[in-house]
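For the sequence shown, our numbering gives the first residue as 30, with consecutive numbering after it. The structure under discussion appears below in the form of structure tokens.
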Amino acid sequence: MSPENLKYLLVGVLIFGFLVEKILSFLNVKQPIPAIPKTLLEYLSQDKLKESKAYQLENFRFGLISGVFSFVLTLLFIWNGWFGAIDTWVGTYFENPLIHSVAFFALIFIGSDIISLPFDYYSTFVIEEKYGFNKTTFQTFFSDKLKGYVLSLLIGGGLLLVFLGLIHKMGPHFWWIFWLVAAAFMILINLFYTAWILPLFNKLTPLEDGELKQKIIHYAKSVSFPLDNIFVMDGSKRSAKANAFFSGFGKRKKVVLYDTLLDQHPPDELVAVLAHEIGHYKKKHIILGMITSILQVGLLLFLLSQFIFSETMSLALGGQEWSAQLNIIGFTMLFSPISMVIGIGMNWLSRKNEFEADAFARETFAGKPLAEALKTLSVKTLSNINPHPFYVFVNYSHPPLLQRLQRLES
């Protein structure tokens, strides 16, 4: 395939991905406001449903504007060869190919982040603020940005150096070596995220002794799941939305509860939420998810190794000669339809796992408090109780609320 034809293919893939994403979003947001289901009569009002729809519409319109902007900008970069022009310009300052590659990606990252900054700001301080979710201060917003840059430089930059160094030195065999590096990194992040990364952004404090802690420990022992590390995170520092999650394996496993979750739910509902999360561990979802992710990375790297040393892609993106960094960008674009298909499969598996974790919580604790917790979470976050089936199929990693309640309350 000639560079010119490959450029047309890239443009076609970009247009296809954009249209699929926006059509699905349009179908989802155009779903009618439903009558209040019987199971939600005590939680929802028609006014709350209208507020939820307004929130969805506002996010859709904003996503459409930001998405069109990003789409057009990327289209212009491909069509006019600006990726290649930037690569050539950077090459005039750095003769070392490895430093050249790193400098190119650093410039693209900084430029992309600067462009997205106004959109992030508007989403946080206008939309989220309007609907009562935002708790982030200006200081926290920009502090998070600064810390993110530092982490990107230290962690992302380090991985990028290893990745590009292997490409330049090992040739087509780079993929399996970096696969091992990536797998080790993924495992380490899972083990040490709450100890190393999370404290940079949030404060974690041990859950105080009391009824909730006693009930959690009692339940954990009843299902042979020793649990000593229970922490509360100051999630209210940024948002009124609530959440909880597990991190780590073995003795390093921790449960983290947002302080907003503790404020919104009684102890039995919190234990039910925890029972759901323990269900993921007991059903081996965490380990299987990690293995699946590592296999995905391996597949991605192998496919990249078959493609990255072709000069055609570099020329299609406006380069003057073969360029590893241009081929990585081109591969990311070409791989996006395959990535979408893989994502659909992973979301299907995730929804299946969520049903299994719900069932575990119902069988080992109780279904009613988990159902009540899900209702409260859904109402307080203005979530969509009537999503379009196609949108769910492609994008939802969790089953829609009413499907989960049907199984929990049956």
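Where is the CB? At the ideal position from N, CA and C, for every residue including glycine.
{"Item": "L53 vs F419 beta-carbon contact at 8 Å", "Value": "yes"}
{"Item": "Inter-residue spacing [alpha-carbon to alpha-carbon] between G318 and T234", "Value": "28 Å"}
{"Item": "Beta-carbon gap between M342 and G359 smaller than 8 Å", "Value": "yes"}
{"Item": "Inter-residue CB distance, L399 and D387 (contact presumed, cutoff 8 Å)", "Value": "7 Å"}
{"Item": "8 Å contact criterion, which A345 and L39 should meet: CB distance rounded", "Value": "7 Å"}
{"Item": "Bridge partners - V284, DSSP secondary structure assignment", "Value": "I259, F275"}
{"Item": "Length of the line joining the Cα atoms of R433 and I371", "Value": "24 Å"}
{"Item": "Through-space distance from L102 to G96, alpha-carbon basis", "Value": "10 Å"}
{"Item": "Neighbourhood of S130 by C-beta, 7 Å cutoff - its chain only, sequence neighbours within 5 removed", "Value": "L193, A353, Q354"}
{"Item": "Nearest residue (CA-CA) to S368, options K59, N424, N415", "Value": "N424"}
{"Item": "Reference M262; option with closest CA among I246, P428, A211, L229", "Value": "L229"}
{"Item": "Inter-stretch contact (C-beta, 8 Å, three-pair minimum) for the segment 375-390 and the segment 307-316", "Value": "yes"}
{"Item": "Exposed unless 16 or more other CB atoms sit within 10 angstroms - verdict on E401", "Value": "buried"}
{"Item": "Backbone secondary structure at N125 - three-state DSSP", "Value": "coil"}
{"Item": "For N415, the three-state DSSP class (helix, strand or coil)", "Value": "coil"}
{"Item": "The alpha helix (DSSP H) enclosing P398, as first and last residue numbers", "Value": "396-409"}
{"Item": "Ranges of the beta strand (DSSP E) found wholly within the segment 292-380, counting only runs of at least 3", "Value": "none"}
{"Item": "Between the CA atoms of W111 and I337 - distance to the nearest angstrom", "Value": "19 Å"}
{"Item": "Burial state of N109, where buried means 16 or more other Cβ atoms lie within 10 Å", "Value": "exposed"}
{"Item": "Same chain, Cβ closer than 6 Å to T117, five either side skipped, listed in chain order", "Value": "Q349"}
{"Item": "Presumed contact (8 Å Cβ cut-off) between N413 and Q75, rounded CB distance", "Value": "That belief does not hold up - the Cβ atoms of N413 and Q75 are roughly 15 Å apart, past 8 Å."}
{"Item": "Beta-carbon spacing of L440, W204 below 8 Å", "Value": "The shown model of the chain, from 30 to 439, leaves out residue 440, and the question about it has no answer."}
{"Item": "Reduced DSSP secondary structure (H/G/I, E/B, other) of L70", "Value": "coil"}
{"Item": "With 16 other Cβ atoms within 10 Å as the buried cut-off, status of Y248", "Value": "buried"}
{"Item": "Per-residue DSSP class, three states only, for L431", "Value": "helix"}
{"Item": "P228 (DSSP reduced to helix, strand or coil)", "Value": "helix"}
{"Item": "Three-way DSSP call (helix, strand, coil) for T117 in this model", "Value": "helix"}
{"Item": "Alpha-carbon spacing of T361 relative to L43, whole angstroms", "Value": "11 Å"}
{"Item": "Simplified DSSP assignment, three categories, for N163", "Value": "strand"}
{"Item": "Rounded C-alpha distance that separates F389 from A304", "Value": "7 Å"}
{"Item": "Alpha carbon of L217 to alpha carbon of K67, nearest angstrom", "Value": "46 Å"}
{"Item": "The beta strand (DSSP E) enclosing T234, as first and last residue numbers", "Value": "233-235"}
{"Item": "Same chain, Cβ closer than 7 Å to I323, neighbours up to 5 away in sequence not counted", "Value": "A212, M215"}
{"Item": "Rounded C-alpha distance that separates A224 from L286", "Value": "15 Å"}
{"Item": "Start-to-end residues for the alpha helix (DSSP H) that takes in T103", "Value": "75-108"}
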